[in-house]
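If you count the sequence shown from 1, position 9 lands on 270 in my numbering, and the numbers rise without skipping.
These notes are about the structure you will find just below.
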Amino acid sequence: MRRTTLGKSGLDVSRIAFGTWQLGGDWGSFDEDAAVQAIQHARELGVNFFDTAQAYGFGKSEALLGRALRDELKRDRDSLVIATKGGINPGSDRPRDARRDWLRKGVDESLRHLDLDHIDLYQVHWPDPDTPAEETAQALQELVDAGKIRHVGVSNYDTEQLAAFDRTRPVETLQPPYHLFRRAIEDDPLPYCREHDIGVLVYSPLGSGLLTGAFNPRTTFEPGDWRANSSAFQGANFQKNLEVVEQLKNLAAEKGATVSQLAIAWTLHQPGVHVAIVGARRARNIEDSVAAADLDLTGEDLVRIEKIASRGVQVEGASPEGVA
């Protein structure tokens, strides 16, 4: 497994991070034991970077991750980089809440659910327009000073929001959505991240399943799955993007790869992107993703991917307020 230094954080991490959004209840039902095996298998394959969040089932995902990695966390804590996120409260009258008290409470709850004495990377899950950036940044620095967290990042921030945070306390990492059908970060804020050595770990490199090749126009999702209410997985947009995926499959086959591997490798070849976060609910699914870190794409490959993907439709995803 290839590794990288995550920007100014200095963290030495695998280029594939195991993400756990799918283990919090927003993606429908799943087998917990199989999920534990998937996490453990990712570790066996060389993944040392694991990302979760307070909002993924309000502790359910964090607890499952802690359970899966318990033995190694007790034996060799420094071999693993555990990241989580806080600062939102979905379903409440304030879904984005990056105030000092809520962040402090969130960190304490995350430590309890993960059964850890410190979190390697703590990220503000979504920008909170009603809380001054200075308050949020100061609160996280206080948590660093207290030894509860080691590094500070944010997620879903734009350049203006990053700069506002930076004025009080440097942002070390950014976690934005990024895949072939969602490329807004290339204009803002990826250039800012490159300029300021901010580590970038992108989520949804497979388009929440769009780029796996597993879907067809008749695919439906169970009621507990957020994709059941997303425009990206319905109607003409869904159909058009599935046609693009079929063309990408052919290119991937020429490389001896799957379309999933091609899509992940494409994100990792973009300047300024350090890590791709990929989730799995079964051990066999993570093997394909991990292998993508070792897939080399030529300049010609990248041009062909761009040409094919340009025929698709750009999509949005989920936020604390709902689904686009």
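Ideal Cβ positions, reconstructed from N, Cα and C, are used throughout, including at glycine.
Computed from a prediction, not measured in an experiment: that's the story for all the values here.
Between the C-alpha atoms of residue i and residue j, what's the straight-line distance to the nearest angstrom?
i, j, result
"Glu507", "Glu396", "47 Å"
"Ala299", "Ala513", "24 Å"
"Phe311", "Leu341", "8 Å"
"Val413", "Arg479", "42 Å"
"Val534", "Thr528", "7 Å"
"Leu267", "Ala475", "31 Å"
"Glu561", "Glu447", "20 Å"
"Leu563", "Glu515", "13 Å"
"Leu377", "Asn511", "45 Å"
"Val368", "Leu471", "33 Å"
"Asp449", "Leu435", "12 Å"
"Leu441", "Asp486", "22 Å"
Between which two residues does the alpha helix (DSSP H) containing residue i stretch?
i, result
"Ile525", "Val520 to Leu529"
"Gly367", "Arg361 to Leu375"
"Gln298", "Glu293 to Glu305"
"Leu435", "Not the alpha helix (DSSP H): Leu435 falls in the beta strand (DSSP E), residues Thr434 to Gln436."
"Val551", "Ala544 to Ala552"
Since residue i contacts residue j with CB under 8 Å, what's their CB separation in whole angstroms?
i, j, result
"Ser465", "Val584", "Their Cβ separation, rounded to whole angstroms, is 13 Å, which puts Ser465 and Val584 out of contact at 8 Å."
"Val405", "Tyr439", "Contact flag wrong, Cβ pair sits at about 27 Å."
"Arg357", "Asp389", "4 Å"
"Thr265", "Val274", "6 Å"
"Ala400", "Arg365", "7 Å"
"Gly289", "Phe482", "7 Å"
For residue i, which of helix, strand or coil comes out of DSSP?
i, result
"Ser353", "coil"
"Tyr464", "strand"
"Ala329", "helix"
"Ala475", "coil"
"Ile459", "coil"
"Val314", "Residue identity differs from the one stated: residue 314 is Ala in this sequence, not Val. Looking at Ala314 - three-state DSSP - the assignment turns out to be coil, as it is neither helix nor strand."
"Ser290", "coil"
"Ser580", "strand"
"Asp427", "helix"
"Asp486", "strand"
"Ala278", "strand"
"Leu451", "helix"
Tell me where the beta strand (DSSP E) around residue i begins and ends.
i, result
"Ala445", "Where Ala445 is concerned, there is no enclosing beta strand (DSSP E), given that its DSSP letter is neither H nor E."
"Ser243", "This structure cannot speak to residue 243, because the chain is shown only from 262 to 585."
"Lys501", "First-last for Lys501: Gly496 to Glu515, but that is the alpha helix (DSSP H), not the beta strand (DSSP E)."
"Val574", "From DSSP, Val574 is part of no beta strand (DSSP E); its letter is neither H nor E."
"Arg264", "Arg264 to Thr266"
"Lys346", "Val342 to Gly347"
Runs of beta strand (DSSP E) lying entirely within the segment 386-425, each at least 3 residues, in chain order: 410-416
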